[in-house]
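*Asks:* Going by my numbering, the first residue of the sequence shown is number 27, and it counts up by one from there.
Glycine is no exception: its CB is placed at the ideal position from the N, C-alpha and C atoms.
Because the structure is a prediction, the values reported are computed rather than measured.
Have a look at this one before I ask anything.
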Amino acid sequence: MDDTSKAGIGTKVIHAGQRPEPITGAVMPPIVTSSTYAQRSPGEHTGFEYTRSHNPTRYALERMVAKLEGSDLPEELDASCGGFAFSSGLAAIGCALELLDAGSHVVSMDDVYGGTNRQFQRVRKRTQGLEFDFVDMTDMSKVERAVRPETGMVWIETPTNPTLKVVDIAAVREVVKSKAPNCLVCVDGTFTSPVNQRPLEHGADIVMHSVTKYLNGHSDVVGGVLVTGDPELAERVRFLQNAVGSVMSPFDSYMTLRGIKTLAVRIRQHNASAQEIAERLEKHEMVERVVYPGLSSHPQHAVHRKQTAEGGGGGGMITFFIKGGLAEARAFLEAVRVFTLAESLGGVESLIEHPAIMTHASVPAEMREELGISDTLIRLSVGVEETADLMADLDRGFEAAKGAGTSAVAAGV
Ligand SMILES: *Cc1c(COP(=O)(O)O)cnc(C)c1O
Numbered sequence: 027m028d029d030t031s032k033a034g035i036g037t038k039v040i041h042a043g044q045r046p047e048p049i050t051g052a053v054m055p056p057i058v059t060s061s062t063y064a065q066r067s068p069g070e071h072t073g074f075e076y077t078r079s080h081n082p083t084r085y086a087l088e089r090m091v092a093k094l095e096g097s098d099l100p101e102e103l104d105a106s107c108g109g110f111a112f113s114s115g116l117a118a119i120g121c122a123l124e125l126l127d128a129g130s131h132v133v134s135m136d137d138v139y140g141g142t143n144r145q146f147q148r149v150r151k152r153t154q155g156l157e158f159d160f161v162d163m164t165d166m167s168k169v170e171r172a173v174r175p176e177t178g179m180v181w182i183e184t185p186t187n188p189t190l191k192v193v194d195i196a197a198v199r200e201v202v203k204s205k206a207p208n209c210l211v212c213v214d215g216t217f218t219s220p221v222n223q224r225p226l227e228h229g230a231d232i233v234m235h236s237v238t239k240y241l242n243g244h245s246d247v248v249g250g251v252l253v254t255g256d257p258e259l260a261e262r263v264r265f266l267q268n269a270v271g272s273v274m275s276p277f278d279s280y281m282t283l284r285g286i287k288t289l290a291v292r293i294r295q296h297n298a299s300a301q302e303i304a305e306r307l308e309k310h311e312m313v314e315r316v317v318y319p320g321l322s323s324h325p326q327h328a329v330h331r332k333q334t335a336e337g338g339g340g341g342g343m344i345t346f347f348i349k350g351g352l353a354e355a356r357a358f359l360e361a362v363r364v365f366t367l368a369e370s371l372g373g374v375e376s377l378i379e380h381p382a383i384m385t386h387a388s389v390p391a392e393m394r395e396e397l398g399i400s401d402t403l404i405r406l407s408v409g410v411e412e413t414a415d416l417m418a419d420l421d422r423g424f425e426a427a428k429g430a431g432t433s434a435v436a437a438g439v
């Protein structure tokens with residue numbers, strides 16, 4: 027058994043919950059693709075019966091993420107120490123919602139990931155009769171007003187996408203537990219990874235990740251996880267993971283575990299590079315405004331510093347508003363070469379996107395306006411390339427953007 031409970035996160039990402047395979051000594055877990063396992067006598071088995079319920083490769087990943095998030099559930103109490111892997115981030119969110127009875131009341135952050143919003147509003151309202159209130163949880167009085175004694179779940183996402191609002195998890199928990207002691211506090215921590223932020227340490231009951239993003243980090247797996255440190259909650263999630271059945275495949279589990287080995291070095295590079303880029307953008311003549319939790323100009327910078335490990339690492343996501351209008355934004359996005367124009371985030375390669383046209387097109391125009399997702403908002407996922415090359419690339423974009431609006435008019439376009 028590994029003994030990494032006191033180790034730093036850079037050691038945990040390599041060893042937590044791992045041990046050599048007993049027969050060969052293989053240091054990485056074999057990809058066990060078998061759907062079923064031989065029994066010696068009816069009901070007498072090794073602990074593995076059927077892969078939806080038990081799979082050693084998935085368990086290896088699940089133990090890893092559980093320990094990275096700080097769950098201290100021992101394997102004797104829960105086979106995967108409170109970690110559960112799913113076929114996507116949205117499948118993980120779906121499983122969390124299955125903890126609720128039909129008709130329950132849920133309070134959600136207003137600016138949640140578009141797919142989360144869609145599942146809440148367009149699926150769960152109809153199929154589970156859930157009632158949702160969306161509130162800006164950076165304002166604690168709004169949380170106070172929205173939570174009722176019978177509220178079943180509070181869904182926090184922090185930082186949010188793409189406006190990077192930061193929610194004080196411990197403060198929300200305090201308000202929630204005083205008004206609704208049985209209410210579950212769930213945190214979507216996708217944007218930070220457990221290297222930068224560990225919500226269970228701030229009082230969350232469940233943390234969720236789209237492992238598609240930073241945890242896997244190589245843009246070649248779609249997956250999700252839930253982690254809890256509470257034994258009773260772990261038992262309920264384990265039951266639902268098997269009963270509803272959207273489990274992560276053994277191959278994707280292996281790939282994700284492989285990606286996680288470099289999570290700490292990747293995140294440290296994302297933090298350092300994005301901080302430098304954000305500071306430079308803030309001074310650029312073509313930039314209206316930069317939103318980055320690591321900047322002292324960020325409205326919740328103090329909460330961010332309190333809640334974040336790694337000396338307040340701001341993560342790899344930067345949002346900024348370019349001067350001008352859609353023409354300037356478009357010219358900028360077309361000119362960059364190192365940043366790839368694509369949806370998604372959290373990989374080793376830098377991506378750039380235009381939320382109003384791309385990831386958030388499904389959000390109604392008036393709600394986009396309310397959230398501040400304008401035509402000049404550009405979102406960067408800063409990868410781990412050389413910072414100097416990324417800066418030079420952004421300069422190329424700004425050169426192309428300069429006067430893009432007026433030249434279009436002059437050319438009669
Ligand atoms: C991508 C994402 C999800 C959904 O995860 P999938 O793996 O795409 O299903 C949920 N929350 C956040 C913050 C995300 O970025």
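DSSP puts T345 in a beta bridge; with which residues?
*Replies:* Answer by DSSP bridge pairing, in chain order: V317, R405.
*Asks:* Determine the DSSP secondary structure at H330, reduced to helix, strand or coil.
*Replies:* Helix at H330.
*Asks:* For ligand 1, any of its heavy atoms closer than 6 Å to the Cβ of G250?
*Replies:* Correct: G250 has its Cβ closer than 6 Å to ligand 1.
*Asks:* Does the distance from the CB of V410 to the CB of Q295 come in under 7 Å?
*Replies:* Contact: yes.
*Asks:* The alpha helix (DSSP H) that contains D421, what's its start and end?
*Replies:* Start and end: 413-427.
*Asks:* How far does the beta strand (DSSP E) with T177 in it reach, from first residue to last?
*Replies:* Note, T177: beta strand (DSSP E), 177-183.
*Asks:* Between the Cα of P257 and those of H80, S67, C107, spot the shortest distance and give me the residue it belongs to.
*Replies:* Comparing Cα positions, the closest option is C107.
*Asks:* Determine the burial state of V173: buried for a count of at least 16 other Cβ atoms within 10 Å of its Cβ, exposed for fewer.
*Replies:* Per the 10 Å Cβ criterion, buried.
*Asks:* Sorry if obvious, but does the Cβ on S236 come closer than 6 Å to a heavy atom of ligand 1?
*Replies:* Checking every heavy atom of ligand 1 against the Cβ of S236, one is found closer than 6 Å.
*Asks:* Counting only runs that start and end within the region 35-115, where is the beta strand (DSSP E) found for 3 or more residues in a row?
*Replies:* Listed in chain order, the complete beta strand (DSSP E) runs (minimum 3 residues) inside the region 35-115 are 109-112.
*Asks:* Is T345 a contact residue of ligand 3, with contact defined as CB to any heavy atom under 6 Å?
*Replies:* Only ligand 1 can be found as ligands here, which leaves ligand 3 out of the picture.
*Asks:* Closer than 7 Å by C-beta to K38: which residues in its own chain qualify, once you throw out the five before and the five after it? Chain order, please.
*Replies:* The residues are T30, K93, L94.
*Asks:* Would the beta-carbon of A118 fall within 7 Å of that of M234?
*Replies:* In this structure, M234 lies closer than 7 Å to A118 by Cβ.
*Asks:* Taking R144 as the reference, give the member of V389, D401, M393 with the closest Cα.
*Replies:* Taking only the C-alpha atoms, the option nearest R144 is V389.
*Asks:* With D278 as the anchor, note down where its alpha helix (DSSP H) starts and where it stops.
*Replies:* D278 -> alpha helix (DSSP H) spans 276-286.
*Asks:* Opposite S236 in the DSSP bridges: which residues?
*Replies:* Bridge partners of S236: G250.
*Asks:* Given C245, which residues of its chain have a CB within under 6 Å of its CB, disregarding the five upstream and five downstream residues?
*Replies:* A small fix is needed here, since residue 245 is Ser in this sequence, not Cys. G373.
*Asks:* Could you check whether the region 310-326 touches the region 360-374, counting it as contact only if at least three pairs of C-beta atoms, one from each stretch, sit closer than 8 Å?
*Replies:* Cβ pair count under 8 Å is below three, so no.
*Asks:* Using the C-alpha atoms, what's the distance from R171 back to A430?
*Replies:* C-alpha separation (whole angstroms): 46 Å.
*Asks:* Please classify S31: does DSSP put it in a helix, a strand, or coil?
*Replies:* Three-state DSSP puts S31 in coil, outside helix and strand.
*Asks:* Taking just the CA atoms, how far does N187 sit from T218?
*Replies:* T218 and N187: Cα-Cα distance of roughly 12 Å.
*Asks:* Can you determine whether any heavy atom of ligand 1 sits closer than 6 Å to the C-beta of N242, and answer yes or no?
*Replies:* Checking every heavy atom of ligand 1 against the Cβ of N242, none is found closer than 6 Å.
*Asks:* Ends of the alpha helix (DSSP H) at F160?
*Replies:* Looking at the DSSP string, F160 is not in any alpha helix (DSSP H); the run it does join, the beta strand (DSSP E), is 157-161.
*Asks:* Can you check whether the CB of T345 is closer than 7 Å to the CB of V313?
*Replies:* No; because the gap between Cβ atoms is not below 7 Å, this pair is not in contact.
*Asks:* Taking Cβ to Cβ, would you say V198 is nearer than 7 Å to T184?
*Replies:* Not closer than 7 Å, so no.
*Asks:* Can you give me the Cβ contacts of D159 inside the same chain, cut-off strictly under 6 Å, excluding the 5 residues immediately before and after it?
*Replies:* Cβ within range, chain order: V133, A172.
*Asks:* Can A122 and L252 be called in contact, C-beta distance under 7 Å?
*Replies:* Yes.
*Asks:* Just to check my reading of the structure: G255 and L99 have Cβ atoms closer than 8 Å, yes? What is that Cβ distance to the nearest angstrom?
*Replies:* Between L99 and G255 the Cβ distance is about 6 Å, and since that is below 8 Å, they are a contact.
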